[in-house]
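Asker: In this note's numbering, the protein residues as written are 16 to 483.
In this text, a Cβ means the ideal position worked out from N, Cα and C, and glycines have one as well.
These numbers were taken from a predicted model, which means no experiment stands behind them.
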Amino acid sequence: MKLNYSIGTDQEIERIHEESLKILSEVGVVFHCEEAIEIFKNYGAKVENDIVYIDKKMVDEALASVPRTFDWYGRDGDKITVGDGKTKNVPAYGPIYVLKEGKYEKASHEHLVNFHKLHETSKIMDVSNPNVIDVSYIPPDIRERYRLGVALEYCTKPMMGLVEGKEVAEESLEMMRRFYGVEHLSDKIIAAGLIDTMGPMRLSTSMAEALITYSRSGQALIICSGQTLGITAPQSMAGTFILGNAMILASIVLSQIVRPGTPVVYCGKFDSADMRLSSGAAYGGIESLWSAATSARMARYYNVPLHTGAGNTDSKLMDYQAGAETFMNLFSAYALDTDCLVHACGTLDSFNSIGYEKYILDEEKIESLEHLKQGYEVNEKTVMFDSIKKTGPSGQHFERTQKSYRTDFIMPKLSIRDNHNSWIQAGCPSAESLATEVWKKRLEEYVKPDFNKEQRSILENLLPEKYR
16 MKLNYSIGTD
26 QEIERIHEES
36 LKILSEVGVV
46 FHCEEAIEIF
56 KNYGAKVEND
66 IVYIDKKMVD
76 EALASVPRTF
86 DWYGRDGDKI
96 TVGDGKTKNV
106 PAYGPIYVLK
116 EGKYEKASHE
126 HLVNFHKLHE
136 TSKIMDVSNP
146 NVIDVSYIPP
156 DIRERYRLGV
166 ALEYCTKPMM
176 GLVEGKEVAE
186 ESLEMMRRFY
196 GVEHLSDKII
206 AAGLIDTMGP
216 MRLSTSMAEA
226 LITYSRSGQA
236 LIICSGQTLG
246 ITAPQSMAGT
256 FILGNAMILA
266 SIVLSQIVRP
276 GTPVVYCGKF
286 DSADMRLSSG
296 AAYGGIESLW
306 SAATSARMAR
316 YYNVPLHTGA
326 GNTDSKLMDY
336 QAGAETFMNL
346 FSAYALDTDC
356 LVHACGTLDS
366 FNSIGYEKYI
376 LDEEKIESLE
386 HLKQGYEVNE
396 KTVMFDSIKK
406 TGPSGQHFER
416 TQKSYRTDFI
426 MPKLSIRDNH
436 NSWIQAGCPS
446 AESLATEVWK
456 KRLEEYVKPD
466 FNKEQRSILE
476 NLLPEKYR
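This is the structure we're talking about:
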């Protein structure tokens, strides 16, 4: 018996698609990238004053060539399959601040290394990410090389890529190819680029260049609409989603023109809005569940892999708000069978911060959601009628632990379930204090991977001398 979670009717999903096509053909899309415009022109698209108009035929052809699954390889040849029915968890993306043992600090090299170690030792995290925290403490001209170098030094799992324009994308993919010992980038997928459309019907220069580079290189893309209701999108749920969906379709079309068969993960989620705030965005809003569920319907409609949900909260503290909003967002991802979950663990403060304790607690919550997703069996053996009959109306079912009990229930390690007196005698621990013990132990036990001569040379080339 499995949990089912969905939204909308088939007619409503068709309406979203049809309205998105109208936007693409009648309003058009601005690509701030000359190469992208030339690609569309050469393909026969109508282009006027740098506005590209995309028709239904182009969209249909593009969607038909996007693969439903793809293999994503790590450093040592191990792989994960995106789209195989199991959610793949991906780290946070770019927090500026770090919350550790109740105190905030700015992002630093030490924190960057620590979170890479936590990713690498995690049973939950499937992917590593050079962008896991902000690295503004590094000079801009070497920042992206530094990000990549640190990630390659500490991580062996499949990796997110760098997408700050054509030059960064090309160099980072080439460095990864050499580091992984891959002869040609087109041989296997070793990186996925997160492309965020952000602005209304516009794709920035850096995002368009990265999209083209990753597609041409045979690498994967996660395309996210990233709209904020009432700011970069209309002041309605339907209008916001349709606008974002149109931008995702436009980006998919470009990727498939460049290289048919380019793997694309669909992410049509949008952010809630709170007009009382200067930023307007409210990432922990309950409306995000509508967005996540609609995104899932559209990804299934287009038959492409899905990214939705996040382990995020607007709270700055490890408090009730943080737990409630994080669970809500993680639950939606797992209940909707998302293929990729970016920002899976640790984020707070509307994506601006990441916490050590929250990372560990989010891992355990994801374990519980994986269990929830599996459901439970209702069959001749599990209904246990014979046991019920034998025990009778007033008997007790205290007996040897059954296999069904071990299957149907999990025992979380960080939830405090003792009675009050036992809790007092144990020193009044909290889930947060137990999480602190876990991350410290994980960092102590981490073992750095070995490197060959070529890999050491690449790391020396990427990393500033201070951080080698």
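(1) Please classify Arg90: does DSSP put it in a helix, a strand, or coil?
(2) On the CB-based measure, 16 or more other CB atoms within 10 Å of its CB, does Ala441 come out buried or exposed?
(3) Straight-line CA distance for Lys132 to Ala184?
(4) Given Tyr461, which residues of its chain have a CB within under 6 Å of its CB, disregarding the five upstream and five downstream residues?
(5) Helix, strand or coil for Ile301? Go by DSSP, reduced to three states.
(6) Just mark Tyr391 as buried or exposed, buried being the case when its beta carbon has 16 or more other beta carbons within 10 Å.
(7) Would you give the residue range spanned by the beta strand (DSSP E) that Phe424 belongs to?
(8) Would the stretch 105-119 count as touching the stretch 186-200 if we require 3 or more Cβ pairs under 8 Å?
(9) Any idea what DSSP makes of Glu224, helix, strand or coil?
(10) Find the nearest neighbour of Met73 within the set Trp87, Leu332, Tyr349, Val268, judged by alpha-carbon distance.
(11) Tell me the rounded alpha-carbon separation between Pro278 and Met252.
(12) How long is the line joining the alpha carbons of Pro82 and Tyr58, rounded to whole angstroms?
(13) What separation, rounded to the nearest whole angstrom, lies between the Cα atoms of Arg432 and Glu447?
(14) Considering only C-alpha positions, which residue in the set Leu429, Asp99, Ala307, Val280 is nearest to Cys443?
(15) Starting from Val128 and walking both ways along the alpha helix (DSSP H), at which residues does that stretch end?
(16) What is the C-beta distance between Met175 and Leu209, in whole angstroms, given that I count them as a contact (C-beta under 8 Å)?
(17) Under the rule that 16 or more other beta-carbon atoms within 10 Å means buried, what is Glu33, buried or exposed?
(18) How many angstroms separate the CA atom of Ser409 from the CA atom of Ile425?
(19) Grouping DSSP H, G and I as helix and E and B as strand, with all else coil, what is Tyr391?
(20) Going along the chain, which unbroken runs of the alpha helix (DSSP H) with 4 or more residues stay wholly within the stretch 140-174?
(21) What's the call for Glu372, buried or exposed, on a 16-neighbour Cβ count within 10 Å?
(22) Would you mind reading off the limits of the alpha helix (DSSP H) that contains Ser402?
(23) For Asp377, count neighbouring Cβ atoms within 10 angstroms of its own Cβ and tell me buried if that reaches 16, exposed if not.
(24) Below 8 Å on the Cβ atoms is my contact criterion, and I expect Ile257 with Tyr88 to pass it. Report the Cβ-Cβ distance as a whole number of Å.
(25) With distances taken between CB atoms, is the gap from Ser143 to Leu218 smaller than 8 Å?
Answerer: Based on what the coordinates show:
(1) coil
(2) exposed
(3) 24 Å
(4) Lys132, Thr136
(5) coil
(6) exposed
(7) First-last for Phe424: undefined, no H or E at that position.
(8) no
(9) helix
(10) Val268
(11) 28 Å
(12) 21 Å
(13) 14 Å
(14) Leu429
(15) 124-135
(16) 6 Å
(17) exposed
(18) 27 Å
(19) coil
(20) 158-169
(21) buried
(22) 400-406
(23) buried
(24) The Cβ separation is near 36 Å, so there is no contact.
(25) no
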